[in-house]
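Here the structure is laid out as structure tokens; the discussion comes afterwards.
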Amino acid sequence: MKSGDSTTINVPPESSAVSKGKAPLLPVAAGPASSGGWKKGIAIFDFILRLFAMVAALAAAAAMGTSDETLPLFTQFFQFQASYDDLPTFQFFVIAMALVAGYLLLSLPFSIVTIVRPFAAGPRILLLVLDTVALTLTTAAGGAAAAIVYLAHNGNSNTNWMAICQQYGDFCQKVSGAVVGSLIAAMLFVFLVVLSAMALRRI
Numbered sequence: 001m002k003s004g005d006s007t008t009i010n011v012p013p014e015s016s017a018v019s020k021g022k023a024p025l026l027p028v029a030a031g032p033a034s035s036g037g038w039k040k041g042i043a044i045f046d047f048i049l050r051l052f053a054m055v056a057a058l059a060a061a062a063a064m065g066t067s068d069e070t071l072p073l074f075t076q077f078f079q080f081q082a083s084y085d086d087l088p089t090f091q092f093f094v095i096a097m098a099l100v101a102g103y104l105l106l107s108l109p110f111s112i113v114t115i116v117r118p119f120a121a122g123p124r125i126l127l128l129v130l131d132t133v134a135l136t137l138t139t140a141a142g143g144a145a146a147a148i149v150y151l152a153h154n155g156n157s158n159t160n161w162m163a164i165c166q167q168y169g170d171f172c173q174k175v176s177g178a179v180v181g182s183l184i185a186a187m188l189f190v191f192l193v194v195l196s197a198m199a200l201r202r203i
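Those letters in the sequence shown? Residues 1 to 203, per UniProt numbering, in order.
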């Protein structure tokens with residue numbers, strides 16, 4: 001090799017990320033904490049709705065169970081009386097709403113579990129199934145009682161069913177309020193079922 005010759009070594013240029021000592025950016029997947037907030041919010045709202053539904057069911061059962069009125073007449077041996085236990089439909093209503101209220105009370109601990117553990121699927125599925133059953137029972141009891149209350153207010157001339165609410169005003173007022181309470185409980189159950197479905201959607 002002659003003294004005038006020079007040897008050069010070509011080094012490929014490094015990437016800007018490597019030359020600066022930085023790793024290339026990679027996409028980071030959102031963790032469970034990103035959706036845990038809204039699931040916990042749904043669980044808290046679920047608990048509040050259960051309290052309101054329990055109050056509505058208890059109020060409906062109590063109003064129907066205390067519906068009793070006796071018309072004042074001159075003799076105590078011949079009286080006209082209207083009571084919820086005179087009709088099997090109203091008896092079924094009281095039993096059904098008491099069962100629904102008891103279920104809602106027992107479901108509160110499971111609702112609390114969904115608040116503490118918003119990603120637990122087991123308690124949420126159990127509540128969804130039982131809420132659907134309770135919704136069916138509430139709707140059946142409320143619908144059957146509403147039909148009798150309608151006849152009590154308006155009667156039916158084709159079947160000789162006389163309207164009795166003009167005579168038994170307090171009785172009709174209580175049974176009507178009981179039916180309204182059952183319908184409110186049924187609407188709250190619809191919201192509970194929808195909330196459970198939304199919470200299970202991304203578990």
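Just so you know, even glycine gets a beta-carbon here, dropped at the ideal spot from N, CA and C.
Short Cβ contact (7 Å threshold) for residue i with residue j
i	j	result
THR132	VAL193	yes
GLY181	ALA59	yes
PHE191	LEU49	yes
ALA134	VAL179	no
PHE92	MET64	no
Cα-Cα separation, residue i to residue j
i	j	result
ALA197	THR89	32 Å
ILE184	PRO123	25 Å
ILE164	THR114	48 Å
GLN81	ALA141	23 Å
ALA57	VAL149	18 Å
VAL116	ILE95	33 Å
MET187	THR159	32 Å
ASP86	GLY177	18 Å
LEU200	ALA121	7 Å
GLU69	ILE125	44 Å
LEU51	LYS39	19 Å
ALA101	MET54	5 Å
ALA98	PHE119	31 Å
ALA33	LEU105	Bear in mind that a pLDDT of 48 at ALA33, under 50, signals an unreliable position, so the model cannot answer this.
HIS153	GLN166	8 Å
GLY155	ALA147	11 Å
VAL175	PHE189	21 Å
SER83	SER67	6 Å
MET162	LEU151	8 Å
residue 205	SER157	With the chain running from 1 to 203 in the structure shown, residue 205 is simply not present.
Residues bridged to residue i [DSSP beta-bridge criterion]
i	result
SER83	ASP68
Complete runs of the alpha helix (DSSP H) confined to the segment 111-199 [at least 4 residues]: 121-154
At least 3 beta-carbon pairs within less than 8 Å: the segment 103-114 vs the segment 39-55: yes
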